[in-house]
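For the sequence shown, the numbering used here assigns the number 4 to the initial residue and increments by one for each residue that follows.
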Amino acid sequence: MIPLKTAKQKTKKERNPLVKKSIIFVVIIVIVMTLIGCALFFLFKGDDKKPQEVVKTTLSTLDQYGYTLDDLDTELYKTEFNTLKANLESETINYEEYASSIAKLFAIDLYTISNKLNKYDVGGTEFIYPSSKDNFQLKVEDTIYRYVEDNSKGTRKQDLPTVSKVTASTKTTKYTYKPESDNSIKQDFEGYSVKVTLEYEKKLDYPTSLDLTIIKEDNKLYIAEIK
């Protein structure tokens, strides 16, 4: 007969492998859960670093004229916009200064392409004579803005121009407007001839001067011709 003490010792030895296997299994589970937790942490942390969509926010408006200022506009544009706003909200509007302001704003907005979201985000359209606006938009999309990359996520690396300085020389003129859609229709306007000169933060072979014809209709000024 096997002694009782020896039998107990054998039973304990037989149980040791099961205990060890259980411990190993638990350790493996802990390691796996830890790895999963780390993976999820870095996954969601990575989501926080994904590019956020760029959205324009309106800062100021001149509702009567359809002019707006947004947070993506440059400081140069904001300064001139505030000059225009002060003039248009005064008791007596100085129309020569009004013409000078929209000429500058147009040039800044059109050729500061670095802040545009894509090729369809054409600058300066709010200053164009209404019946010419669609044609102007299409021409700019197909020429100046043709190769502008999308920046809706704020990740664009493309080198694009930013206007750093603009001046304008203004004189009165008369202008006969002929819509491109129908040259038989003519309309005479009082207006201004404005020569605009531009400087850029970087020289990227963009125009340094523009000749604009600005016309007056119902106390509002519009750009009718660009050379």
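Cβ coordinates follow ideal geometry from the N, Cα and C atoms, glycine included.
Bear in mind that the values here come from a model prediction, so they are computed numbers and not experimental data.
Quick check: what's the CA-CA separation for Ile131 versus Gln140? 10 Å
Under 8 Å, with one C-beta from each stretch per pair, do the stretch 87-100 and the stretch 153-164 reach the 3-pair mark? The answer is no - the stretch 153-164 does not touch the stretch 87-100, with fewer than three Cβ pairs under 8 Å.
Are Thr200 and Thr170 closer than 8 Å when you measure CB to CB? In this structure, Thr200 sits near Thr170, with a CB-CB distance shorter than 8 Å.
If you follow the beta strand (DSSP E) that Asp214 is part of, which residue opens it and which one closes it? Secondary structure note for Asp214: its beta strand (DSSP E) is the uninterrupted segment Ser212 to Glu220.
Ile217 and Ile226: beta carbons closer than 8 Å? yes
Identify every run of the alpha helix (DSSP H) within the stretch 93-153, keeping only runs that are complete inside it and at least 4 residues long; order them along the chain. Fully enclosed alpha helix (DSSP H) runs of 4 or longer: 98-114 and 136-145.
Exposed or buried, which one is Gly40 when buried takes at least 16 other CB atoms within 10 Å? exposed
Within its chain, find whatever has a CB closer than 6 Å to the CB of Asn118; leave out the 5 residues flanking it on each side and keep chain order. Around Asn118, the same chain offers Leu75 as residues with beta carbons nearer than 6 Å, after the five sequence neighbours per side are excluded.
With a Cβ-Cβ cutoff of 8 Å, do Lys219 and Tyr68 count as a contact? Their beta carbons are not under 8 Å apart, which means Lys219 does not touch Tyr68 by this criterion.
Which term fits Val30, buried or exposed, when burial requires 16 or more other beta carbons within 10 angstroms of its beta carbon? With fewer than 16 other Cβ atoms within 10 Å, it is exposed.
Short check: CB of Leu120 to CB of Tyr80, under 8 Å? no
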